[in-house]
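Note that the protein sequences, when read in sequence, are chains A and B.
Under the working numbering, the first residue of the first sequence carries the number 41, and numbering increases by one thereafter.
Under the working numbering, the first residue of the second sequence carries the number 1300, and numbering increases by one thereafter.
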Amino acid sequence: MFKNRFGWLLAMLLLLSGCANAIGPATRTANVGAAALTTAHSQLTQSRQRAQLAAAASVLGDRADPAVQAAQLAAAAEVGVRYRPAWTAYSATRFAWLRLVGAIQLAQANPELIDPVSLIGFATALVAAQADLSAYAADAMRQVLDWHDTPPPAAPEVKP
Amino acid sequence: MTVKSTLALFGTFVGIAQEAVPALVDAFAQKNPKLITEDDPGAPPEAPTDDLDPSVRDTILAGKA
């Protein structure tokens, strides 16, 4: 419901901005999307790093022992798996952004072929994908928080 | 809607506004904005392909995790 409302709001904003020159509003939407994606990439990367370091730290034993290090790598990788859906949503959003950028570049190169409806459609798809990305990123971070409350058996104590 | 969920929703909107409003203001302040493309420095990077962050792997293998 949220993304539909948001998409409609964006479409109305673009329409109110003037379909006669759809390139400007579409460019603004694409640039805001690029900034939001860059922020999302940074936040997801930092969150995953922190969670993986915490998982590695939860493994007990001598840090120089290869067996302990292997257990730490396994624990950290398990955290990484929980971020996969968020990264998949990020890639889908980035693809929607690339599609919008491509449509804008095509319209800039061929002003006689400008199709405002397509530009609005691509812009709305980008906003919808961003809403999905927000949901998946929040879910990944919530899962990791829950996981810290109840440590899984993947972080065993390794004895030499 | 409970007070707690109302506050959570309000906090979410404040958080989004803090991130998004400056970018929106910048974007709409420009009359003819330059399109950020894949080759520009401001373009969003690709998603990582490895489940394990490389810096975390290095930290673990250095015995510092």
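Just so you know, even glycine gets a beta-carbon here, dropped at the ideal spot from N, CA and C.
None of the values given here were measured: they were computed from a predicted structure.
Would you check whether the ligand HEM has a heavy atom nearer than 7 Å to the C-beta of residue i?
i               : result
Gln83 (chain A) : Within the structure as shown, the ligand HEM is missing, as the structure has no ligands at all.
Comparing alpha-carbon positions, which option in the options lies nearest residue i?
i                 : options                                   : result
Asp1350 (chain B) : A:Leu159, A:Ala165, A:Ala136 and A:Thr128 : A:Thr128
Thr133 (chain A)  : A:Ala147, A:Asn150, A:Ala74 and A:Ala66   : A:Ala74
Pro1347 (chain B) : A:Gln92, A:Val157 and A:Tyr123            : A:Tyr123
Ala169 (chain A)  : A:Arg68, A:Thr67 and A:Ala76              : A:Ala76
Ala117 (chain A)  : A:Ala95, A:Pro65, A:Val72 and A:Ala126    : A:Ala95
Ala180 (chain A)  : A:Pro156, A:Gln86 and A:Ala70             : A:Gln86
Leu159 (chain A)  : A:Val167, A:Ile144 and A:His81            : A:Ile144
Glu1337 (chain B) : A:Ser82, A:Gln83, A:Asn71 and A:Thr79     : A:Asn71
Leu84 (chain A)   : A:Pro156, A:Pro125 and A:Pro151           : A:Pro125
Gly64 (chain A)   : A:Pro156, A:Ser82 and A:Thr78             : A:Pro156
Might you give, ordered along the chain, the residues of its own chain that have their beta carbon closer than 6 Å to the beta carbon of residue i, omitting 5 neighbours on each side?
i                 : result
Val121 (chain A)  : none
Asp102 (chain A)  : Val108
Gly1362 (chain B) : none
Phe162 (chain A)  : Arg139, Leu140 and Ala143
Ala165 (chain A)  : Ala136
Ala66 (chain A)   : Ile144, Leu159 and Ala163
For residue i, count neighbouring Cβ atoms within 10 angstroms of its own Cβ and tell me buried if that reaches 16, exposed if not.
i                 : result
Asp1352 (chain B) : buried
Ala149 (chain A)  : exposed
Asn61 (chain A)   : exposed
Arg88 (chain A)   : buried
Phe135 (chain A)  : exposed
Asn1331 (chain B) : exposed
Ala178 (chain A)  : exposed
Arg68 (chain A)   : buried
Pro1340 (chain B) : exposed
Leu93 (chain A)   : buried
Arg182 (chain A)  : exposed
Asp186 (chain A)  : exposed
Can you name, in chain order, every residue of its own chain whose Cβ lies under 7 Å from the Cβ of residue i, other than the five neighbours on each side?
i                 : result
Val184 (chain A)  : Ala91, Val119 and Arg122
Ser174 (chain A)  : none
Pro193 (chain A)  : Reliability fails at Pro193 (chain A), whose pLDDT of 47 lies under 50, so the model's placement of it is uncertain and the value that follows must be treated cautiously. So the list is empty, once near-sequence residues are dropped.
Ala80 (chain A)   : Tyr130, Leu173 and Ala177
Thr1358 (chain B) : Ala1364
Ile1335 (chain B) : Gly1341 and Ala1342
Thr78 (chain A)   : none
In chain order, what residues of the same chain lie with their CB nearer than 8 Å to the CB of residue i, ignoring the 5 residues before and after it?
i                 : result
Val1355 (chain B) : Ala1364
Leu153 (chain A)  : Leu146 and Ala147
Pro1344 (chain B) : none
Lys1333 (chain B) : none
Ser82 (chain A)   : none
### Query
Can at least three beta-carbon pairs, one atom from the segment 105-117 of chain A and one from the segment 135-142 of chain A, be found at a separation below 8 Å?
no
#### Entry: Within 8 Å of chain B by C-beta, residues of the segment 128-155 of chain A in sequence order
Thr128, Tyr130, Ser131, Arg134, Trp137, Leu138, Val141, Ile144, Gln145 and Gln148
#### Entry: Short-range partners of chain A found in the segment 1341-1359 of chain B, where Cβ spacing is below 8 Å
Gly1341, Ala1342, Pro1343, Pro1344, Glu1345, Ala1346, Pro1347, Asp1349, Asp1350, Leu1351, Asp1352, Ser1354, Val1355, Arg1356, Thr1358 and Ile1359
#### Entry: Cβ-based contacts, 7 Å cut-off: residues of the segment 105-123 of chain A near chain B
Gln109, Gln112, Leu113, Ala116, Ala117, Gly120 and Val121
### Query
Using Cβ-Cβ distances below 7 Å, what residues of the segment 156-182 of chain A are close to chain B?
none
### Task
Could you run through the segment 88-101 of chain A and flag, in chain order, every residue whose CB is less than 7 Å away from some CB of chain B?
Arg88, Gln89, Gln92, Leu93, Ala96 and Ala97
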